[in-house]
Amino acid sequence: MVRPLPEAVNQPFRSDAAHELGITPRQLDGKRFRRLFRGVHVAASVAVTFRTWLQAALLVLPADAAISHLTALRMWGLELRGMHPLHFSTNTQAHRERDGIVLHRRRGRLRPVTLDGFPCLGPDRTYVDCATILNLVELVQAADHLLYAGHTSADQLRAYLHRTHIDGVVRARRAFPYARERAESPMETLIRLSLVLARLPEPDVNPDVLDGRGRFLGRCDLVYWKHRVVVEYDGEWHERSRRQRARDRTRRENLERAGWTVIVVLVEDLLDKRAIAWRVFHALRDNGYAGPPPHFNTMWQRWFGKCTRPAAPPAPPI
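Quick note on numbering: the sequence shown equals residues 996 to 1313 in the working numbering.
Written out as structure tokens, the structure reads:
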């Protein structure tokens, strides 16, 4: 008869505590356990989540370790570049490296907050830390999310960028002017930046559009008021909702009936962002825009020119 495992192994535990739990080294190396990091195991029957990984990592990190960088950004609700490796910061200098964990050794005070029960660096610090890893477009996506979610404000983040001198602040300052508080999704940010950095006019972000009688037509992603052009992003979740498709169709028909040109960007359209810029340019030009066509310089091509799938959606709660 197989002896049932103690309840404690349903949470990550240090391998050197296995004996106290009545687990032999042979059992620990068997099929009933899963190794998460060197020196940390959990019962193999446990569904390993983001929270599980964090609990496991903190068991082998210095006592002052706090979640930071991309892992902190995920804690604040936005996942960019995947879950792994996990990032933490510490003021401790001596520590053994472990696969799957990036430990950033910092000199200044970390000042973590408690977020969902974990020590995590604040949103302003996280934005600057991420600037050491992310490119400009991803940084603006991060800032837009932090602002829209209410984790910080434009004034608060601007003041933090002005007074801090930690690694990443120069790049963070460069990206911040492109951030907008009403940007609701990373993909909307991506599309907006692909237009603005191609030297097209900047659209308004998520305003309410009314008809000539003041009746509500819709809350639209990107709006060119002067030329009556709307750019809407339809993500994959729209494709899974018949009711959402019907609402979108009705809204577009109402906008077009009121004299607006509506450009719909689908997920697959993001594979060719040049084509999106040209579609917007032609719509603007057809409605009186006299400015130059889109310009795709070397930096634009670096950020948008590759055929890549869109970034991951906002991270689910842990």
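Beta carbons are placed, not taken as given, at the ideal position from N, Cα and C, and that holds for glycine.
Per-residue burial, residue i [other beta carbons within 10 Å of its own, 16 or more giving buried]
| i | result |
| --- | --- |
| Thr-1044 | exposed |
| Arg-1102 | exposed |
| Ser-1236 | exposed |
| Val-1165 | exposed |
Check whether residue i and residue j have beta carbons under 7 Å apart
| i | j | result |
| --- | --- | --- |
| Asp-1229 | Thr-1184 | no |
| Leu-1116 | Ala-1174 | no |
| Glu-1227 | Asn-1201 | no |
| Ala-1038 | Val-1004 | yes |
| Pro-1172 | Gln-1136 | no |
| Val-1097 | Pro-1080 | yes |
| His-1090 | His-1064 | no |
| Phe-1211 | Leu-1217 | no |
| Asn-1292 | His-1222 | no |
| Leu-1188 | Ala-1272 | no |
| Glu-1133 | Leu-1075 | yes |
| Phe-947 | Leu-1049 | This structure gives no information on residue 947, because the portion of the chain shown stretches from 996 to 1313. |
| Leu-1023 | Ala-1051 | no |
| Leu-1167 | Tyr-1122 | Here residue 1167 turns out to be Ala, not Leu, going by the sequence shown. Going by C-beta atoms, Ala-1167 is nearer than 7 Å to Tyr-1122. |
| Thr-1147 | Leu-1141 | yes |
| Val-1035 | Leu-1054 | yes |
| Ala-1193 | Trp-1298 | no |
| Cys-1125 | Leu-1068 | yes |
Residue interval of the alpha helix (DSSP H) (run including residue i)
| i | result |
| --- | --- |
| Ile-1186 | 1181-1191 |
| Phe-1276 | 1268-1281 |
| Leu-1212 | No alpha helix (DSSP H) holds Leu-1212; the beta strand (DSSP E) holding it covers 1211-1214. |
| Thr-1245 | 1237-1252 |
| Val-1164 | 1164-1170 |
Range covered by the beta strand (DSSP E) that runs through residue i
| i | result |
| --- | --- |
| Pro-1114 | 1113-1115 |
| Tyr-1284 | Premise fails: Tyr-1284 is in no beta strand (DSSP E) and is neither H nor E. |
| Val-1035 | 1035-1038 |
| Val-1226 | 1224-1229 |
| Asp-1203 | 1203-1205 |
| Phe-1032 | 1028-1032 |
Residue i: CB within 6 Å of a non-hydrogen atom of the ligand ZN
| i | result |
| --- | --- |
| Gly-1145 | Ligands in the displayed structure: none, and consequently the ligand ZN is not present. |
Residues that residue i bridges to, as DSSP identifies them
| i | result |
| --- | --- |
| Ala-1061 | Ser-1084 |
| Asn-1199 | It should be pointed out that residue 1199 corresponds to Asp in this sequence rather than to Asn. Looking at the DSSP assignment, Asp-1199 forms a beta bridge with Val-1218. |
| Arg-1009 | Val-1035 |
| Ile-1258 | Val-1226 |
Length-filtered (4 minimum) alpha helix (DSSP H) runs lying within the segment 1084-1147: 1118-1125, 1131-1143
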